[in-house]
Amino acid sequence: MADAAEKAAALAEWLVERLDNSLRLDYIEEFYFSRLLIGQPFDKRLAGACGNVEDDTWLVFMVQQPSLLDRIFRRSMPVELHEQFITALHQEFSKNPEILDVEWYEEDSKLREFNHAARPFGTVSD
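Quick note on numbering: UniProt numbering labels position 61 of the sequence shown as 61, and the sequence is numbered without any gaps.
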């Protein structure tokens with residue numbers, strides 16, 4: 001368990017080092033994963049998590065739903081922030097030769113996977 005938490009924290013630190021300047025990325029360590037927080041604390045925010053699935057398999061996901069403050073203030077979904085994160089993550093993965101076999105996909109409300117692809121949707125070829 002501690003090993004999974006350490007690996008998740010290492011991945012979160014790696015993401016923050018590479019993506020924080022453009023996205024205001026931060027993380028909180030949990031038991032098996034690290035929670036990712038993107039955006040200004042009192043503005044629209046995007047949340048997700050990252051962690052280690054198997055030896056060399058990693059997972060990064062974002063939940064595109066309004067935060068508590070977004071719901072209270074009836075703000076729209078953070079779609080632009082979600083797209084910026086996906087674009088920045090894809091660019092970072094593309095320029096790193098150690099990152100192989102990236103699989104992008106979406107999930108529906110019942111957590112069923114669909115739209116599997118080698119690149120995020122809406123991006124052009126490298």
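Beta carbons: idealized from backbone N, C-alpha and C, even for Gly.
Is it true that the CB of Glu113 sits closer than 8 Å to the CB of Leu19?
no
Given that a residue counts as buried once 16 or more other Cβ atoms are within 10 Å of its Cβ, and exposed if not, what is Ser22?
exposed
Whether or not the segment 7 to 14 and the segment 48 to 60 are in contact is what I'm after, with contact meaning three or more pairs of Cβ atoms, one per stretch, closer than 8 Å; do they touch?
yes
Alpha carbon to alpha carbon, how far is His82 from Arg74? Give it in angstroms, no decimals.
18 Å
Less than 8 Å separating the beta-carbons of Tyr105 and His116?
yes
My output table needs one value for residue 127: the three-state DSSP class, helix, strand or coil.
Lying outside 1 to 126, the shown extent of the chain, residue 127 is not represented and no answer is given.
I'd like the span of the alpha helix (DSSP H) that includes Ile86, first residue to last.
Val79 to Lys95
In three-state DSSP terms, what is Asp126?
In this predicted model, Asp126 has a pLDDT of only 46, less than 50, meaning its place in the structure is not dependable; the value taken from the coordinates is given anyway. If DSSP states are grouped into helix, strand and coil, Asp126 belongs with coil.
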